[in-house]
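Accompanying notes for the structure given below.
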Amino acid sequence: MPDTKEQELAQIREKLKGLLVSHLSLEGVDPKNIKDDEVLFGEGLGLDSLDAVEIVVLLQRNWGLEVRDMNQGKKIFYSVDTLARYIQENVKK
Amino acid sequence: MYINGIGIVFNRGRGVAVLRQALSEGWRPPEGGYPRVYRVSDEAIRDRSISKDLRRTDRFSRMAAAAAVDAAVDGGLSRGIQGSTGLIVATGFGPHATTFKFLDDMLAYRQSEVSPTTFSHSVHNAAASYISLVLQIHGPTLTLTRFNSAFYEALLTAQSWLAEKKVSYVLVGAVDECGPVFEHIAGRKLTMSGEGRIKPFAFSPSAEAVPGEGAVFFLLSAEQAAGYPGIADFSGNGMETSADSNVLAADGFIGDETAYKRFAAGPAMSFAALFGTMPGQLAFSLAAGAVIVKTRLVPHPDFTHGEYESGCRRSVDCIALGCRGDVRRIRISF
Amino acid sequence: MKRSLSIAITGLGAVSALGNSVPETLEGFRRGSRNAGRVTLFPTSLVYPAFEARGVHCPAGVMRTFALCLHAVEEALHEAGLGKRLDSCRAGVCLGTTVASQLNDIGAYTLYKKTGDMPLFSIDRYLKSNLAEAISEYVRANGPRVTVVNACSSGTDAIGLGCSWLRAGYCDIVIAGGADELNQVPYCGFASLGVVSPEFCAPFDRDRKGLNLGEGAGIVILEKSEHARNRNIHPGLFVSGYGEAADAYHLTAPRPDGSGLEFAVKQALAEAQVDAGEVSFVNAHGTATRDNDRAEGNALARILGRSARILSTKGYTGHALGAAGGLEAVFTALGLREGWIPASAGFRNKDPEIPFEPVTSVTSISGRYAVSTSLAFGGNNAALVVERE
Chain A
276 MPDTKEQELA QIREKLKGLL VSHLSLEGVD PKNIKDDEVL FGEGLGLDSL DAVEIVVLLQ
336 RNWGLEVRDM NQGKKIFYSV DTLARYIQEN VKK
Chain B
5 MYINGIGIVF NRGRGVAVLR QALSEGWRPP EGGYPRVYRV SDEAIRDRSI SKDLRRTDRF
65 SRMAAAAAVD AAVDGGLSRG IQGSTGLIVA TGFGPHATTF KFLDDMLAYR QSEVSPTTFS
125 HSVHNAAASY ISLVLQIHGP TLTLTRFNSA FYEALLTAQS WLAEKKVSYV LVGAVDECGP
185 VFEHIAGRKL TMSGEGRIKP FAFSPSAEAV PGEGAVFFLL SAEQAAGYPG IADFSGNGME
245 TSADSNVLAA DGFIGDETAY KRFAAGPAMS FAALFGTMPG QLAFSLAAGA VIVKTRLVPH
305 PDFTHGEYES GCRRSVDCIA LGCRGDVRRI RISF
Chain C
352 MKRSLSIAIT GLGAVSALGN SVPETLEGFR RGSRNAGRVT LFPTSLVYPA FEARGVHCPA
412 GVMRTFALCL HAVEEALHEA GLGKRLDSCR AGVCLGTTVA SQLNDIGAYT LYKKTGDMPL
472 FSIDRYLKSN LAEAISEYVR ANGPRVTVVN ACSSGTDAIG LGCSWLRAGY CDIVIAGGAD
532 ELNQVPYCGF ASLGVVSPEF CAPFDRDRKG LNLGEGAGIV ILEKSEHARN RNIHPGLFVS
592 GYGEAADAYH LTAPRPDGSG LEFAVKQALA EAQVDAGEVS FVNAHGTATR DNDRAEGNAL
652 ARILGRSARI LSTKGYTGHA LGAAGGLEAV FTALGLREGW IPASAGFRNK DPEIPFEPVT
712 SVTSISGRYA VSTSLAFGGN NAALVVERE
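Going down the list, the sequences are from chains A, B and C. Using the working numbering, you'd call the opening residue of the first sequence number 276 and step up by one each time. Using the working numbering, you'd call the opening residue of the second sequence number 5 and step up by one each time. Using the working numbering, you'd call the opening residue of the third sequence number 352 and step up by one each time.
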């Protein structure tokens, strides 16, 4: 068990970066080189609408989280950090 | 219409130069154990110049994109004319390996947790979508399928588009993949060759197959270019005369190949043993035939039959037979 | 003779959730039937409503898609006065589908994974269901035959391809259109893309939540006008133009400004030698996804102005994928022939992002020309111009 919330968040971010790279086939991207506050869409990682729905699936499979409202999704999916915080706050302990 | 450029990926590698070399070198057994498959290596379809656009693609789309891009480059298809370029992709079984990957998802996860990326790549026209994206082709784009020689209808359609002046260029090709499940299905439905060698000149009632895969594309236009031959009107009119020699697409796919014999009375060739058994065999035959007519290359005796002698071949008929005895013939000539 | 009148439609066939024939389809339109509900064709944990076609018997040994297709083909051949065998003329077959091109039999695949053996029955059913091959064999057609797998524009493209074949002289008659069954693989696939509505679909509506899947077959018998007249058939409907253009943009998202569709529609109009102002109505693709309707709506408004009558029939049939273009070509021809079009089912409120409202009631039509559009996965855009004599 991680000692603090911050450590827990760091672990989520790390797992998330790995999953993004493998699940979204981000060729040539090393998860270690993704910044914590890396923007996901447009600039930053340069993800697109198909990646967005793939992240929805990734959240369901790995954390049992459902994002149905894509308007809400836009805020959650802003960066690695916002996504990790959403996971931390919503995952059933 | 004329061939302006060719792109090909097959078991021996990628590109027209590799094809020429293979035609001269003769037959080689495919690597691996039984059942043997003429597979395309990952190396042949790794393409850094187009990899960013293709990051999510499967092998099916990668093979198609590699061959299509090469054909466009070979034919000098420049930017700015993409609006007047059409694209037609012919396939027998489409990206089936990705379909089965999606079924794996459906079996492993809840129905709300399947991958949209995998699903969208299992759709037959995914490869055409990527080709149009990479080459920025904005003209009409089609993906056509049937289990035997959809390439023939693709070429017929290309001919009609050029005649109607709908487009100035058509990029037309065939692609097929042999994934593990299809390897199994081939084993169930075809007579597999134990030694891994297709014998096109056996004219056997139960011809043996060795599954293959690959992609081949042609850039076509109404103008002659790059020293390639033309494709005569092959819609059935004026095909009574015979060409200098025939290329037989006899690869074990239809089973009974006795009817091919009547097309081997004169000089005949077949390159099925080089490419492997697949629905797009006719397209691969056309590529080999076009290179032979263009370069006056004398193919290795492994690929020729009867009184085939070295010498000028100015016209070649590529012939594929269907299960119902129908003859599909494409004539290439100067 | 005007070039555009050279390719006649001499037969129509339709099967969908609206009904099993052209008369049943018209009756459904008149009544505003929206026969969608929970999926009954396969077990599923998803609750998205779908439009199932009822009453078409599917024999063992062929795919449901083939059975739907054959049903519509027979209706169309009957209307064309051609009987069930075409071996006495030069007939081509050009049909669109998505499902029938894939071996997505999940039961058979499960067995394969368990035992290492795929049941032969399942393989053969797949091999016997390539639409063009199977229909061609059934009617003994001896011309070119191919199945168009251009995703959601397959049916429209198949008809356009058939026209090219006729003009090139490859054949005198073409059976064209599309067919698709409601199948759990695309049902789950489309759901995963986040584009399926939990409610009845509402094309072009401000609050639309996505598409409903459907199934069916829409078939036209295309024939050289001269060939029809030689059989003492006086054709009244024609395919006068076809346009196809690739977005070259994205695998699953349409080009946001709809410029690919605009190019395709303009091409079709040019081929038909018709001005945009002469188009009496457009049977739009109108799937009711946020992206499609916005891109399509804006493209259509740019071409036709704001007063054009536009409808989507997806509210009656759902999105029947490879069948959609075939069905909608039939609906477009029926609109011209019958002189009326149905209300665009599901529409309530105007979307500020779309410059027009679709027709909201049964509407009389008097013009000669109508357009049917399709936008597909992979970025294909296709348009047909249908003409009444």
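Backbone N, C-alpha and C define an ideal beta-carbon position, used for all residues, glycine too.
Residue i versus residue j: straight-line alpha-carbon distance, rounded
i	j	result
Ala-229 (chain B)	Val-93 (chain B)	22 angstroms
Tyr-477 (chain C)	Pro-410 (chain C)	13 angstroms
Ala-254 (chain B)	Ala-368 (chain C)	45 angstroms
Glu-689 (chain C)	Gly-364 (chain C)	15 angstroms
Gly-30 (chain B)	Asp-109 (chain B)	42 angstroms
Arg-660 (chain C)	Phe-589 (chain C)	20 angstroms
Gly-594 (chain C)	Phe-275 (chain B)	38 angstroms
Val-331 (chain B)	Tyr-667 (chain C)	43 angstroms
Ala-627 (chain C)	Ile-654 (chain C)	7 angstroms
Tyr-312 (chain B)	Leu-301 (chain B)	13 angstroms
Lys-203 (chain B)	Ala-211 (chain B)	8 angstroms
Phe-205 (chain B)	His-309 (chain B)	7 angstroms
Thr-357 (chain A)	Arg-288 (chain A)	10 angstroms
Ile-360 (chain C)	Glu-574 (chain C)	6 angstroms
Ala-675 (chain C)	Phe-155 (chain B)	25 angstroms
Arg-357 (chain C)	Leu-620 (chain C)	Correcting the residue identity first, residue 357 (chain C) is Ser in this sequence and not Arg. So the alpha carbons of these two residues sit roughly 15 angstroms apart.
Val-176 (chain B)	Leu-291 (chain A)	42 angstroms
Val-73 (chain B)	Tyr-232 (chain B)	18 angstroms
Pro-554 (chain C)	Ala-615 (chain C)	21 angstroms
Leu-159 (chain B)	Leu-562 (chain C)	35 angstroms
Contact set between residue i and chain A, taken where Cβ atoms lie within less than 9 angstroms
i	result
His-601 (chain C)	Asp-323, Ser-324 and Leu-325
Ala-652 (chain C)	The premise fails here: Ala-652 (chain C) is roughly 23 angstroms from chain A at the closest Cβ pair, so nothing lies under 9 angstroms.
Ser-116 (chain B)	Val-332, Gln-335 and Glu-341
Ser-543 (chain C)	Val-328, Glu-329, Val-331 and Val-332
Ser-55 (chain B)	Glu-302 and Gly-303
Ser-136 (chain B)	Ordered by position in chain A, no residue passes the 9 angstroms Cβ test against Ser-136 (chain B), which lies about 16 angstroms from the chain.
Burial state of residue i, where buried means 16 or more other Cβ atoms lie within 10 Å
i	result
Lys-310 (chain A)	exposed
Gly-317 (chain A)	exposed
Phe-744 (chain C)	Only positions 352 to 740 of chain C appear in the structure, and residue 744 (chain C) is not among them; the question remains open.
Phe-393 (chain C)	exposed
Lys-170 (chain B)	buried
Cys-182 (chain B)	buried
First through last residue of the beta strand (DSSP E) which encompasses residue i
i	result
Cys-445 (chain C)	442–447
Glu-227 (chain B)	Taken as a continuous stretch (DSSP letters only), Glu-227 (chain B) belongs to no beta strand (DSSP E), as it is neither H nor E.
Arg-333 (chain B)	331–337
Ala-365 (chain C)	358–366
Val-722 (chain C)	720–727
Asn-643 (chain C)	Counting along the chain, Asn-643 (chain C) falls outside any beta strand (DSSP E), though it belongs to the alpha helix (DSSP H) covering 641–655.
Under 7 angstroms from the C-beta of residue i: neighbouring residues of chain B
i	result
Thr-461 (chain C)	Leu-111
Val-499 (chain C)	Leu-146 and Leu-148
Listed by chain order, chain B residues near residue i by CB distance under 9 angstroms
i	result
Ser-300 (chain A)	Arg-59, Arg-60, Thr-61 and Thr-121
Ala-427 (chain C)	Residues of chain B passing the Cβ test: none, with the nearest at roughly 21 angstroms.
First through last residue of the alpha helix (DSSP H) which encompasses residue i
i	result
Cys-514 (chain C)	505–519
Leu-290 (chain B)	285–299
Tyr-489 (chain C)	482–490
Gly-676 (chain C)	675–689
Asn-700 (chain C)	No alpha helix (DSSP H) contains Asn-700 (chain C), which DSSP labels as neither H nor E.
Glu-574 (chain C)	Looking at the DSSP string, Glu-574 (chain C) is not in any alpha helix (DSSP H); the run it does join, the beta strand (DSSP E), is 567–575.
Which residues DSSP lists as bridging residue i, in chain order
i	result
Val-332 (chain A)	Answer is none; Val-332 (chain A) lacks a bridge partner.
Tyr-667 (chain C)	Tyr-667 (chain C) pairs with nothing; no bridge assigned.
Glu-595 (chain C)	C:Ala-733
His-309 (chain B)	B:Ala-272
Leu-322 (chain A)	A:Phe-316
Val-499 (chain C)	B:Leu-148 and C:Gly-447
Cross-chain neighbours of residue i in chain C, by beta carbon under 7 angstroms
i	result
Phe-151 (chain B)	Leu-478, Asn-481 and Glu-484
Ala-167 (chain B)	Ala-519
Beta-carbon neighbours of residue i, restricted to chain C and to distances below 9 angstroms
i	result
Ile-339 (chain B)	With chain B running from 5 to 338 in the structure shown, residue 339 (chain B) is simply not present.
Partners in chain A for residue i, counting only beta-carbon separations shorter than 8 angstroms
i	result
Ala-604 (chain C)	Asp-323, Ser-324 and Leu-325
Ser-133 (chain B)	Residues of chain A passing the Cβ test: none, with the nearest at roughly 12 angstroms.
Neighbouring residues, chain B, relative to residue i (Cβ below 8 angstroms)
i	result
Met-469 (chain C)	Val-185, His-188, Ile-189 and Arg-192
Closer than 8 angstroms at the beta carbon, the chain C residues around residue i
i	result
Gln-140 (chain B)	Ala-599
Ser-124 (chain B)	Gly-540, Leu-544, Leu-602, Thr-603 and Phe-728
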